[in-house]
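Per the UniProt record's numbering, the sequence shown starts with residue 1, numbered consecutively.
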Amino acid sequence: MNELLDPLLLSRWQFGLTTIYHFLFVPLTIGLATTTAIFQTAWVRTGKAHYLQLTRFFGKIFLINFAMGVVTGIVQEFQFGMNWSDYSRFVGDVFGAPLALEGLLAFFLEATFIGLWIFGWDKLPKKLHLATIWVTALGSILSAYFIIAANAFMQNPVGYDINEAKGRAELTDIGALLTNKVAVAAFPHTIFACFMVTAGLIIAAAAWHLYRNQHLETMRPALKFGLWMMVIAGALTVLSGDQLGLAMVETQPMKMAAAEALYRTSTGADASFSIFTLGTPDGVHELFSIRVPYLLSFLSTHTFDGTVEGINDLQAQYVQLYGPGDYTPTIWVTYWAFRWMIGLGMLHVLIALVGLWLTRKGRSPRWRWLWRVAIWAFPLSLGAMIVGWIFTEMGRQPWIVFSLLKTSDAVSPGITGLDVLISLIAFTAIYGTLAVVEFKLIKKAIQKGPDDAPEPDPESGDVRHEATVY
Numbered sequence: 001m002n003e004l005l006d007p008l009l010l011s012r013w014q015f016g017l018t019t020i021y022h023f024l025f026v027p028l029t030i031g032l033a034t035t036t037a038i039f040q041t042a043w044v045r046t047g048k049a050h051y052l053q054l055t056r057f058f059g060k061i062f063l064i065n066f067a068m069g070v071v072t073g074i075v076q077e078f079q080f081g082m083n084w085s086d087y088s089r090f091v092g093d094v095f096g097a098p099l100a101l102e103g104l105l106a107f108f109l110e111a112t113f114i115g116l117w118i119f120g121w122d123k124l125p126k127k128l129h130l131a132t133i134w135v136t137a138l139g140s141i142l143s144a145y146f147i148i149a150a151n152a153f154m155q156n157p158v159g160y161d162i163n164e165a166k167g168r169a170e171l172t173d174i175g176a177l178l179t180n181k182v183a184v185a186a187f188p189h190t191i192f193a194c195f196m197v198t199a200g201l202i203i204a205a206a207a208w209h210l211y212r213n214q215h216l217e218t219m220r221p222a223l224k225f226g227l228w229m230m231v232i233a234g235a236l237t238v239l240s241g242d243q244l245g246l247a248m249v250e251t252q253p254m255k256m257a258a259a260e261a262l263y264r265t266s267t268g269a270d271a272s273f274s275i276f277t278l279g280t281p282d283g284v285h286e287l288f289s290i291r292v293p294y295l296l297s298f299l300s301t302h303t304f305d306g307t308v309e310g311i312n313d314l315q316a317q318y319v320q321l322y323g324p325g326d327y328t329p330t331i332w333v334t335y336w337a338f339r340w341m342i343g344l345g346m347l348h349v350l351i352a353l354v355g356l357w358l359t360r361k362g363r364s365p366r367w368r369w370l371w372r373v374a375i376w377a378f379p380l381s382l383g384a385m386i387v388g389w390i391f392t393e394m395g396r397q398p399w400i401v402f403s404l405l406k407t408s409d410a411v412s413p414g415i416t417g418l419d420v421l422i423s424l425i426a427f428t429a430i431y432g433t434l435a436v437v438e439f440k441l442i443k444k445a446i447q448k449g450p451d452d453a454p455e456p457d458p459e460s461g462d463v464r465h466e467a468t469v470y
């Protein structure tokens, strides 16, 4: 019973579950803001009514998602003080800086200009109104960068000094913090993955209507846009992921070793990449595996004869550096999360490639089950992002700030397991309800489809559109 009411374990579960839930909205907020801006730009430049229809259609979904993301994101801030006060006291001076920039700069831009965009229809000049959605998209991307910079400090702490008298880390170089090599590598990888998730939603929405042979003039170009967006964003996610892998090997070699369940240091052909592995329940011994020689060496060092450090050697090094303890993350979690991340993302790209082939030169697939595949494939990229986040955070354990502060030393000292359990149950119930509401709102908006094409204004020749209340 005492283990079940362990405040550290429950606090980790609570933060993980609430963060994953909040993260459901983040990729769509980033991707849909930019997508809406692209469709509106196409409408302003061409005057074609179907681009305006797509702007409003995906803009409505964007606003539903944005509102829910704001509500769930606020909870994250409170948890730092309630459940992780020792963490906040130790690194709050550093960790709080990018979070403050995110709130005061990025979110301010996003929230202000999204209001101008919502209420600016038929009130602002067309190009000025277009600028508001682009600034909103920029704000969402800036917000992502500041959050990633904060998280990158936890992966690779830079730009600080330890104040021994106060027993905490203090910010000394904001430039170093914001240009952390992990943040610089993780940012494009995350943004391109967000576009993959958004492309999946666009494909699913378009396929749903095309499957029913409705809104053809609007949904055919939307489908083609989503398919190309998935393929291009997928390729860029792979390329940026390669750079993130190099940064990870340099700053957190244990995470790469855990991702491969590599226990002994290997070089060249021995540094093989495991496609599939079966092992003992504790993950220590390998029973069967399918491996590609040299591939892990190439991914880790960009050479075929590079050396990749193993878990056992790194554990021995860390004991000497940081004292006695187990510095190994949970191997089976990191190993499978890494593979699910890659597998789910690549499967979604493969589906998009098949879709491009089947819809080439205006063709339409005859097999109705293919449309269902396109619809039900939407969670693939989102699932890839979620397990990628799990890999990133679990691979850092037992550290909450790598090499500086262990997770076990960061939990609030006065909190009890019962306190956390009650709030965990409450959050789960509330978030579960919000998830149902979110899903039904977005489903209803998608099934309703785009509004009818607006009539041309007899005086100006421009299409007439009423100010939309979202």
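By construction, the Cβ of each residue, glycine as well, lies at the ideal position given by its N, Cα and C atoms.
All values derive from a computational prediction rather than experimental measurement.
C-beta contact flag for residue i and residue j at 8 Å
| i | j | result |
| --- | --- | --- |
| Gly-234 | Gly-345 | yes |
| Ile-202 | Gly-226 | yes |
| Ala-169 | Asp-93 | yes |
| Ala-33 | Ser-143 | no |
| Ala-247 | Ala-206 | no |
| Ser-266 | Gly-310 | yes |
| Thr-328 | Gln-317 | no |
| Gly-245 | Ser-300 | yes |
| Gly-31 | Thr-218 | no |
| Thr-428 | Leu-17 | yes |
| Ala-37 | Trp-134 | yes |
| Ala-374 | Ala-204 | yes |
| Gly-115 | His-189 | no |
| Val-411 | Leu-124 | no |
Where residue i sits in the DSSP three-state scheme
| i | result |
| --- | --- |
| Ala-193 | helix |
| residue 537 | This structure cannot settle anything about residue 537, because the visible part of the chain is limited to 1 through 470. |
| Ile-415 | coil |
| Arg-264 | coil |
| Leu-404 | coil |
| Phe-304 | coil |
| Pro-450 | coil |
Enclosing beta strand (DSSP E) for residue i [first to last residue]
| i | result |
| --- | --- |
| Glu-309 | Note, Glu-309: premise wrong, no beta strand (DSSP E); not H, not E. |
| Trp-399 | 399-401 |
| Asp-161 | 160-163 |
| Leu-17 | Premise fails: Leu-17 lies in the alpha helix (DSSP H), 7-23, not in any beta strand (DSSP E). |
6 Å Cβ shell around residue i - same chain, five flanking residues per side excluded
| i | result |
| --- | --- |
| Leu-347 | Leu-380 |
| Tyr-431 | Tyr-21 |
| Gln-79 | Phe-15 |
| Ile-390 | Ala-337 |
| Leu-434 | none |
| Asp-29 | Per the sequence shown, the amino acid found at residue 29 is Thr instead of Asp. Cβ neighbours of Thr-29 beyond the five flanking positions: Asn-65, Phe-66, Gly-69, Ser-140. |
Residue i, enclosing alpha helix (DSSP H) - first and last residue
| i | result |
| --- | --- |
| Ala-37 | 26-46 |
| Ala-410 | No alpha helix (DSSP H) contains Ala-410, which DSSP labels as neither H nor E. |
| Gly-175 | 174-178 |
Cβ-based neighbour list, residue i, same chain, cut-off 7 Å, excluding 5 preceding and 5 following
| i | result |
| --- | --- |
| Ala-176 | Val-158, Gly-159 |
| Tyr-470 | Confidence is the limiting factor: at Tyr-470 the pLDDT is only 44, short of 50, which leaves the residue's position unreliable, though a coordinate-based value still follows. If we look at Tyr-470 and ignore the five residues flanking it on each side, its Cβ neighbours are Lys-60, Leu-63, Ile-118. |
| Asp-451 | Gln-53, Arg-56 |
| Phe-95 | Ala-150, Phe-153 |
| Ile-386 | Ile-20, Phe-23 |
| Ala-106 | Gly-139, Leu-142, Ser-143, Phe-146 |
### Query
Can you give, in chain order, each stretch of the alpha helix (DSSP H) that sits fully within the segment 86-129 and has at least 4 residues?
For the segment 86-129, whole alpha helix (DSSP H) runs of length 4 or above, ordered along the chain, are 107-119.
### Whole runs of the alpha helix (DSSP H) within the segment 186-252, excluding any shorter than 4 residues
Here the runs fully enclosed are 216-251.
### Query
Which ranges would you report for the alpha helix (DSSP H) in the segment 316-401 if only whole runs of at least 4 residues count?
List check, alpha helix (DSSP H) in window: 331-358, 368-376, 379-394.
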